[in-house]
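Numbering (the working numbering), first residue to last: 4 to 92. Below is one structure, written out as C-alpha cells, with a few remarks after it.
Take a look at the structure:
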C-alpha cells in the first residue's frame, strides 16, 4: 500500500468515524435547561469537539491499523475480489 493511498484511506476512515462519534454524549440546550437567546433550542449545550476529535483519531487509527495489516500481510486472498473467472484452466 503506497503512502498516498494510506493517507487517503486514513482520511476517509477518520471522517466516517467522526460522524459516528459526534452524536455521543450530546445534550441539547432544552435538556440542559438553559436556552441561549438567539440560538436553536435543540443545539448542543457542550459539543466537546476537541475531545471527540481525539476519540475519533484513536478509533480511526485502530481501524486503519487493522485494515493495513489485512492488506499488507495478505490475510485476505485477492481471489475473492475477482469478478471475471480464470479462463486458463
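The beta-carbon is built from N, C-alpha and C at its ideal position, and this holds for glycine as well.
query, result
"Bridge-paired residues (DSSP) for residue 47", "31"
"Rounded C-alpha distance that separates residue 4 from residue 38", "50 Å"
"Exposed unless 16 or more other CB atoms sit within 10 angstroms - verdict on residue 59", "buried"
"CB contact check: residue 7 to chain D, cutoff 9 Å", "Chain labels in this structure do not include chain D; a single protein chain is all it has."
"6 Å Cβ shell around residue 48 - same chain, five flanking residues per side excluded", "30, 32, 35"
"Supposed contact pair residue 67 and residue 12 - C-beta distance, whole angstroms, cut 8 Å", "7 Å"
"For residue 18, the first and last residue of its enclosing alpha helix (DSSP H)", "6 to 24"
"Simplified DSSP assignment, three categories, for residue 68", "helix"
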